[in-house]
Structures are given as structure tokens and as C-alpha cells.
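Following the working numbering, the numbering of the sequence shown begins with 15 at its first residue and continues without gaps. C-beta atoms are modelled at their ideal positions from N, C-alpha and C, and glycine is treated no differently. Remember, it's a predicted structure, so these values are computed and weren't measured experimentally. Below is one structure, written out as C-alpha cells; comments come after it.
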Amino acid sequence: MQIDLKGWGVGYFPSFQQHCLLQMLNSVAGLREWFSQTDDTHIVPRLPVMMSIASGSFSSKKGRKSQDNSNQSVSADQLHSAGGQSVLLDEESDEDEDYLSPEPEEELDSQKAENAMKQADEDPLELLDLSSFSGNLRRVDRDNSRDCWRIPDGNNFKVRSKTFFYDKTKIPAGKPLMQLVAVDWFKDVKRLDHVARRQGCAVQVASEKGLFTLVINVQVPGSSHYSMVFYFVSKPLVAGSLLQHFVDGDDEFRNSRFKLIPSVPKGSWIVRQSVGSTPCILGKAVDCTYIRGPKYLEIDIDIGSSTVANGVLGLVFGVITTLVVDMAFLIQANTYEELPERLIGAVRVSHLELSSAIVPQLDSHSSTE
15 MQIDLKGWGV GYFPSFQQHC LLQMLNSVAG LREWFSQTDD THIVPRLPVM
65 MSIASGSFSS KKGRKSQDNS NQSVSADQLH SAGGQSVLLD EESDEDEDYL
115 SPEPEEELDS QKAENAMKQA DEDPLELLDL SSFSGNLRRV DRDNSRDCWR
165 IPDGNNFKVR SKTFFYDKTK IPAGKPLMQL VAVDWFKDVK RLDHVARRQG
215 CAVQVASEKG LFTLVINVQV PGSSHYSMVF YFVSKPLVAG SLLQHFVDGD
265 DEFRNSRFKL IPSVPKGSWI VRQSVGSTPC ILGKAVDCTY IRGPKYLEID
315 IDIGSSTVAN GVLGLVFGVI TTLVVDMAFL IQANTYEELP ERLIGAVRVS
365 HLELSSAIVP QLDSHSSTE
């Protein structure tokens, strides 16, 4: 593929021609993979040029700055940044991706050791009896399962280390602060708000056990409104902790701190590029509503409030049965005392079926005690 700009724009943007070429290649590669997802008769191989561009960008970020290839690395970074960044990016200080591929484990040994040391003085989350918790989306811990959820390894995600403000280093997140006990997959003709009031849900079960619940309700608009609801539970919150400050803080504080690290381990190239794997401050990207109950906090995340996020979800929903999606939630640490960061929890949703969503019975007069 070639492009001849006839001199237009070249004087204003030094890499304008290369940028346009990469954008066209991105579009062609994305369309080819999209058609391969919708047409089983055509299996399209991935374009190796895309892998080489991504590899060049990654190498330059890791500091391989020899004089011979410095210009080439900068150019690759600029092109990758222009054409391959997630459209949901909102964390100004984080330029590196916060999702680690599980494969190269030998490269993470030192980081895992550091992560283990910083957790050594903290009480681990006690093993909970999960038999009393239930959601309509089933949990399956086997690979290659469909229409289900599981808990991914926390070390797949990178979080800010104790020395982040000095050297920008990140470490594998390790064990989360809370335990994911159930996932609900709902649909209705209207948006589903305050799902914690539903009789018999995981919030009420946790409350009876003396546990605290964080409910994350991801609301997806459409002709039918969908909600994927995650229930994270823990022992009573530690007074003075960042998590307790977040739960009992005001909405301005919550919106500035609630962070998502997304990833698409399995899916088409165009979806992986659209979603990305760089952290996003959700309160700055979409509208979040916080409902504080006696023993729970529900966060209703309205994806439809952002045109950009809505467009990405429209793309994702078109091929949702082919995707494996990871989501990690945490509270961003903005001071040295709050470091290192810890995950609230993480979830992996595999090959979701829209038809498996159910219409919940919400009692508008009930409340969770």
C-alpha cells in the first residue's frame, strides 16, 4: 500500500505521510479480522507488520535508547501512539500499559518477590464459603469455557509501586483486597439502577455474614439495557485505609480515584486496539452514581454517558461471543502514603451470550440492612 499526498500537509507534519499510511493499514487489518470473526469460511492470518510496530514501541518504552536506533524508536512510538492507543485513556501520568501477558513469568520473578514483601505485613483475605453466594452468570475456572466468569491472576496486572513517584515503576498487583463472590447478567427495557436492593442478592447474603460488599454495576445501553454486576466482599473495612476513605468519601473524591485496567486476552485485533489495556479513571470518562448502604457501596457506571465509550461497546457487542475480557478495579494512589496500590478485585468474562441475560425483580421499597 502506498500514499501520495501531492505535497499537501507534509510541510506541517514531518511524519504525516507515515501516519496516514499506518492509519490505513490499521483500518484494513481491523476490517479483515472483523470479517474473519463474522465469516467462518475465511480464516485471516494476522499482519506481522502490526506486531513489529508494537514490538518497536514496547522496546523504546523500556529504555533501549541506543544512538543508532533512537530516531527509529521515536518514530515507531509516535505512530503507535497515533494509531493504537485506547480511546478510553484518561490517566495522564500513566503512559505504559497496566496489563501483563501471563506467559513470560521468568521476567516477573523479581517483581513478584517485591510484591510479596509488601503484602507480608497485611492480613490475607480469609477464605470465604462461596456456596451461599449466587449470581445468574455461572463461574467456571476451566480455560476455553463459554458464557461464564472466573477470577484471573492478579499478577497479570501492574499497579504503582512504593517508589512510583520517584522512578515510575510498577509491580504485579498480587492478591486483591476483596473477594469476587458472584456475577449477575441482567437486561431490561430501562436502565437498571441500584441493583443491591434486589431481594436475595449477594449483598444481602454478605450483610447477614457481617461482610462488606462493593457492587460494581456496569450499565450498557441499547434497545435492551444490559447490566453486568460484580459483587466484591470483604471483612469490615479498616479505619483510615484508602478503601475506607473511598467508600465513605464524597463523589468528587471517588470520581478522581476509581480506576479500571481493561484487557482483551482473546478477541479480534480491532477490538483489542479499541479497548486497549491502559488504566482509565472511570469517574472522568463516564457518569458514575454512588449509592452508600449500611454494609455496601454500589457504583452504577453508565457507559451510555460517553459517546466514545458507547461507540467502543457497540463494536464489542457485535462480536461479544468471541471475546475474553479482563477487568481489574482499584483506587488510584496519589500520595506516597497510599502506595503501593492494591486491586479491589479482578474478573474475567469469557464468550458472553446476550441471550443468557435475565430480567431481574427489583423491589423499589426494599433496602439492604
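Open item on the list: Suppose contacts are defined by Cβ-Cβ distances below 9 Å. Is A187 in contact with L366 by that definition?
Closed with: Numbered from its first residue, the sequence shown carries residue 187 at position 173. Numbered from its first residue, the sequence shown carries residue 366 at position 352. No, these two residues do not count as a Cβ contact at 9 Å.
Open item on the list: Under DSSP, the alpha helix (DSSP H) around R152 begins and ends at which residues?
Closed with: Taking the first residue of the sequence shown as 1, we reach residue 152 at position 138. Segment: none, R152 is in no alpha helix (DSSP H) and carries neither H nor E.
Open item on the list: If the criterion is Cβ atoms closer than 9 Å, does the pair Q375 and Q213 meet it?
Closed with: Numbered from 1 along the sequence shown, position 361 holds the residue referred to as residue 375. Numbered from 1 along the sequence shown, position 199 holds the residue referred to as residue 213. Their beta carbons are under 9 Å apart, which means Q375 touches Q213 by this criterion.
Task: Beta carbon of T227 nearer than 9 Å to that of A210 - done: Taking the first residue of the sequence shown as 1, we reach residue 227 at position 213. Taking the first residue of the sequence shown as 1, we reach residue 210 at position 196. Result yes, Cβ atoms of T227 and A210 sit closer than 9 Å.
Open item on the list: Applying the 10 Å Cβ sphere with the 16-neighbour rule, what's the burial state of G281?
Closed with: Taking the first residue of the sequence shown as position 1, residue 281 is located at position 267. Classification of G281: buried, given that the 10 Å Cβ count is 16 or more.
Open item on the list: Taking the beta carbon of I390 as the centre, do at least 16 other beta carbons fall within 10 Å, making it buried, or is it exposed?
Closed with: Not covered by the structure: residue 390. The range shown for the chain is 15 to 383.
Open item on the list: Suppose you measure from the CA of A360 to the CA of L194; what does that come to, to the nearest Å?
Closed with: Here residue 360 is taken as the residue at index 346 of the sequence shown, counted from 1. Here residue 194 is taken as the residue at index 180 of the sequence shown, counted from 1. Straight-line Cα distance between these residues: approximately 8 Å.
Open item on the list: Quick check: what's the CA-CA separation for P293 versus P276?
Closed with: Within the sequence shown, the letter at position 279 stands for residue 293. Within the sequence shown, the letter at position 262 stands for residue 276. Taking the straight line from one Cα to the other gives about 7 Å.
Open item on the list: Considering only their Cβ atoms, is the gap separating I295 from N269 smaller than 9 Å?
Closed with: For the purposes of this step, residue 269 is taken as residue 255 along the sequence shown, with counting starting at 1. For the purposes of this step, residue 295 is taken as residue 281 along the sequence shown, with counting starting at 1. Yes.
Task: Three-way DSSP call (helix, strand, coil) for N231 in this model - done: The sequence position of residue 231 within the sequence shown is 217, counting from 1. In this structure, N231 counts as strand in the three-state DSSP scheme.
- [ ] Have a look at F260 and L39 and give me their C-alpha separation to the nearest angstrom.
- [x] Taking the sequence shown and counting its residues from 1, the one referred to as residue 260 is at position 246. Taking the sequence shown and counting its residues from 1, the one referred to as residue 39 is at position 25. Cα to Cα, F260 sits roughly 43 Å from L39.
TODO: With a threshold of 16 other CB atoms inside 10 Å of the CB of Y350, please say whether the residue is buried or exposed.
DONE: Within the sequence shown, the letter at position 336 stands for residue 350. The residue is exposed, with fewer than 16 neighbouring Cβ atoms inside 10 Å.
Open item on the list: Need the endpoints of the beta strand (DSSP E) that Y304 sits in, please.
Closed with: The count along the sequence shown starts at 1 and reaches residue 304 at position 290. Its beta strand (DSSP E) spans residues 301-307.
Task: Residue interval of the beta strand (DSSP E) (run including R271) - done: Position 257 of the sequence shown holds residue 271. Run containing R271: none in the beta strand (DSSP E); it sits in the alpha helix (DSSP H), 265-271.
Open item on the list: Short of 7 Å in beta carbon distance, which residues of its chain neighbour A196, apart from the five on each side in sequence? Order them along the chain.
Closed with: As a working mapping, residue 196 is identified with position 182 in the sequence shown. These residues qualify, in order along the chain: F147, S148, G149, A216, Y245.
Open item on the list: At the level of alpha carbons, what is the spacing between G263 and Q346?
Closed with: Residue 263 sits at position 249 when you count from the first residue of the sequence shown. Residue 346 sits at position 332 when you count from the first residue of the sequence shown. Using only the alpha carbons, I get a separation of about 14 Å.
Task: Exposed unless 16 or more other CB atoms sit within 10 angstroms - verdict on E355 - done: Position 341 of the sequence shown holds residue 355. Under this definition E355 is a buried residue.
Open item on the list: Does V203 come out as helix, strand or coil in the three-state DSSP assignment?
Closed with: The count along the sequence shown starts at 1 and reaches residue 203 at position 189. Reduced to three states, the DSSP call for V203 is coil.
Open item on the list: Going by DSSP in three states, A220 sits in which element: helix, strand or coil?
Closed with: As a position in the sequence shown, residue 220 is number 206, starting the count at 1. It is helical.
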